[in-house]
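Position one of the sequence shown corresponds to residue 48 (this note's numbering), numbered consecutively onward. Ideal Cβ positions, reconstructed from N, Cα and C, are used throughout, including at glycine. The block underneath contains the structure these notes are about, expressed in structure tokens.
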Amino acid sequence: MKYIIPIIFIVFTANTHAGIFFKIANDNSTYSTFIVKGQENMEIQTHLMIKRMKDNYFNISNVDTNFYQITINRGTVLFNNKIIVYELIPTFNDRFKHVVWVTEDNVIVRKEVYDLKGKLMFSYGYVDELPHIKQGHKSRKRTVDNNICSEIGEFIGFKVIGCRYLDEDTKHVVYSDGLNKFSIFIDEGAEEKINKKKVVLGNYVYRKSIGHNVYTAVGLIPFDTMDRVIKYINSKEEVNETND
48 MKYIIPIIFI
58 VFTANTHAGI
68 FFKIANDNST
78 YSTFIVKGQE
88 NMEIQTHLMI
98 KRMKDNYFNI
108 SNVDTNFYQI
118 TINRGTVLFN
128 NKIIVYELIP
138 TFNDRFKHVV
148 WVTEDNVIVR
158 KEVYDLKGKL
168 MFSYGYVDEL
178 PHIKQGHKSR
188 KRTVDNNICS
198 EIGEFIGFKV
208 IGCRYLDEDT
218 KHVVYSDGLN
228 KFSIFIDEGA
238 EEKINKKKVV
248 LGNYVYRKSI
258 GHNVYTAVGL
268 IPFDTMDRVI
278 KYINSKEEVN
288 ETND
């Protein structure tokens with residue numbers, strides 16, 4: 048089945064008059080760069096991409112310092128606001144680097160995400176002013192099937208934040224470590240034999256078949272980590288099948 052690329056999962060609620068630039072890796076070699084100012088006459092695909100990609104807030108306390116080396120720089124001023132710049136470099140080569148510019152109220156002014164080779168996956172930021180951000184806004188509530196979640200579990204600091212069946216043969220599992228996120232789609236009983244890697248719209252995408260299942264990983268982790276988590280989930284499923 049085909050999947051919507053789950054880039055980032057925060058609802059876009061900023062003042063639509065504040066201009067925002069985006070630069071997104073289309074694939075391994077090309078980028079799209081554009082500025083959004085207002086949502087009128089915006090193509091639905093662009094609107095959905097922005098809605099999934101853009102975070103309003105960043106709280107450093109949500110980041111596990113076991114997995115990131117964090118550098119904090121103060122003193123920058125943008126739009127008459129004092130800015131804190133966080134550079135979060137992965138301790139191990141198993142997730143991506145982030146550079147996040149925030150106000151003292153944790154409102155994100157700019158964000159950049161880089162893979163392990165230093166390739167920019169995507170960036171965005173305000174270009175002329177800070178918008179009014181609705182206080183207390185939360186990310187969308189995810190559907191959690193406790194039976195699926197209990198079968199899979201945490202993986203090297205990534206916690207399961209969503210899990211459900213998309214249809215009777217396809218599971219969708221979402222992982223996050225508080226910074227990097229990725230999804231695993233599991234097509235059960237698929238006959239297709241496949242092993243593909245590519246970059247699509249700011250995400251790594253990796254498809255692999257094991258036995259009668261096809262696994263598709265999409266998100267902000269390296270291909271090696273995707274392969275490891277796929278093997279981990281497959282081993283969990285094999286144990287569950289044996290127990291059944």
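Residue i versus the options, residue with shortest Cα-Cα distance
i    : options                : result
G172 : E285, A65, S282        : A65
D214 : D234, F202, E201       : D234
M168 : Y279, K283, T80        : T80
D74  : R275, R99, N250, I155  : N250
I117 : I231, V146, F229       : V146
K245 : I199, D162, E201, V221 : D162
V160 : K255, A72, E239        : A72
S282 : G122, K70, K98, G200   : G200
N119 : E151, K166, A237       : Just to set this straight, residue 119 is Ile in the shown sequence, not Asn. It is E151.
V207 : F229, R275, T217       : F229
S223 : V276, S256, E284       : V276
Beta carbon of residue i nearer than 8 Å to that of residue j
i    : j    : result
K144 : I131 : no
I82  : F68  : yes
K158 : D102 : yes
V265 : I241 : no
N127 : G204 : no
Y253 : F232 : no
V110 : L248 : no
V156 : L177 : yes
Y133 : I97  : no
Y78  : K70  : yes
Burial state of residue i, where buried means 16 or more other Cβ atoms lie within 10 Å
i    : result
L267 : buried
H219 : buried
V124 : exposed
K278 : exposed
D141 : buried
F139 : exposed
G209 : buried
T272 : buried
S76  : exposed
K255 : buried
H184 : The predicted position of H184 is uncertain, since its pLDDT is 48 and thus under 50; no value can be drawn from it.
R99  : buried
Residue span of the beta strand (DSSP E) that contains residue i, given as start and end
i    : result
S79  : 78-83
L226 : Segment: none, L226 is in no beta strand (DSSP E) and carries neither H nor E.
Y115 : 115-125
V154 : Element bounds for V154: n/a, residue is neither H nor E.
P137 : 128-137
K245 : 242-247
L163 : Taken as a continuous stretch (DSSP letters only), L163 belongs to no beta strand (DSSP E), as it is neither H nor E.
Bridge-paired residues (DSSP) for residue i
i    : result
I231 : V220, A264
A72  : Y78
D214 : T217
S256 : V261
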